Structure formats: structure tokens, C-alpha cells
Amino acid sequence: MARMTAKQAKTPQQIVDAWIAGMQSPNTQTKYRNGIAGFQGNPMALAATTQALTKYANACQQSVVNGKRAASLNSADPNIWKTNAMNLGAPGLGTGATKAKAKMLARMTKWAGVYAQASQAAAAVPDDGGTNVGKIQAALQVLKAAKGS
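This note's numbering puts the first residue of the sequence shown at 12, with every later residue one more than the last.
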């Protein structure tokens with residue numbers, strides 16, 4: 012039988028609370044994990060295809076051209092950014108560093124010797140008593156050579 016009176020709509024707060032409860036649900040998290048585990052492929056390789064990169068670049072460009080990016084940035088509350096950065100971002104620095112340890116170790120294994128060579132190259136240039144541009148150029152030359160540019 013049809014409803015005789017309209018159902019009372021939920022308030023925005025009720026909608027948001029229900030959304031958060033759904034996202035925090037162990038069932039939702041299990042479904043998310045199962046979806047990730049069930050994916051057979053490399054999402055980074057898919058994102059690196061010419062088609063995906065072109066689509067991304069075009070979408071970024073379009074958001075700048077049509078003003079959507081500027082409007083979104085200008086409507087953001089800097090106090091929310093500050094609160095989130097201090098309360099969520101700052102504590103995440105340590106966990107992020109721990110997660111990135113293997114990548115950082117690989118980079119530093121490659122670059123530690125290069126940094127030593129750059130330091131030696133700079134030390135070999137006489138101090139000019141000022142800005143020491145020659146020392147900077149010598150160090151940069153070593154770094155650029157190691158990078159291959």
C-alpha cells in the first residue's frame with residue numbers, strides 16, 4: 012500500500028553520521044580489502060598508460076581552464092586545513108617514514124656516495140670569501156652527472 016504521508020528526510024548531520032558509520036563498519040572494510048585482494052593487475056601500470064595519463068592531464072587542464080580548481084581552492088577553509096595538518100598530518104609523518112623506509116634506503120644507498128663526491132668536489136674549489144658560487148657549481152656538476160642530466 013502506498014504511503015499516505017511523506018517520509019521525513021534525514022538531516023545533513025544524520026546523513027553524514029550514517030556515512031561515517033558505514034565507512035567504519037568492519038563489513039565495509041572487509042569488502043574493501045576483498046576487492047583489493049581480488050584485483051588481478053597492476054593499478055600503477057594502468058595509470059601510467061598513455062591513455063590514462065592523457066585523460067588525467069586533460070582533466071587537470073580543464074579544471075584550470077573552467078575555473079573549477081580555483082573556485083574549489085578559494086572555497087576551502089584554511090582553518091580546516093590547519094587543524095587536519097596538525098592533528099592528522101603531523102602524526103602521519105612517522106608512519107609515512109616507516110612505510111617509505113625501504114625506498115629511502117635504496118635511494119640513500121645510491122646517493123650517499125654521490126653526496127660524498129659532491130662534498131669533495133666543493134672542498135677542492137678555493138673559498139672565494141663570498142657566495143662560493145664555484146663550490147656550488149662543482150657540487151652541482153657531480154650531482155647532475157650522477158643523475159644523468
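Glycine residues also receive a C-beta, built at the ideal position from the N, C-alpha and C atoms. Note that the coordinates shown come from a computational prediction; the quantities given were computed from them, not determined experimentally.
- Its chain contains no residue whose beta carbon lies nearer than 7 Å to that of Lys93 once the 5 sequence neighbours on both sides are disregarded.
- With at least 16 other beta carbons inside 10 angstroms of its own, Ala150 counts as buried.
- The beta carbons of Lys146 and Val136 sit closer together than 7 Å.
- If you look at Asp138, you'll find it isn't in any alpha helix (DSSP H); DSSP assigns it neither H nor E.
- Residue state for Ala58 is assigned as helix, using DSSP reduced to three classes.
- Burial check for Ala129: the Cβ neighbour count within 10 Å reaches 16 or more, so the residue is buried.
- The C-beta distance from Gly46 to Thr39 rounds to 11 Å, too long to meet the 8 Å contact threshold.
- Check the Cα spacing between Arg118 and each of Ala157, Leu104, Gln131 and Thr60: the tightest is with Ala157.
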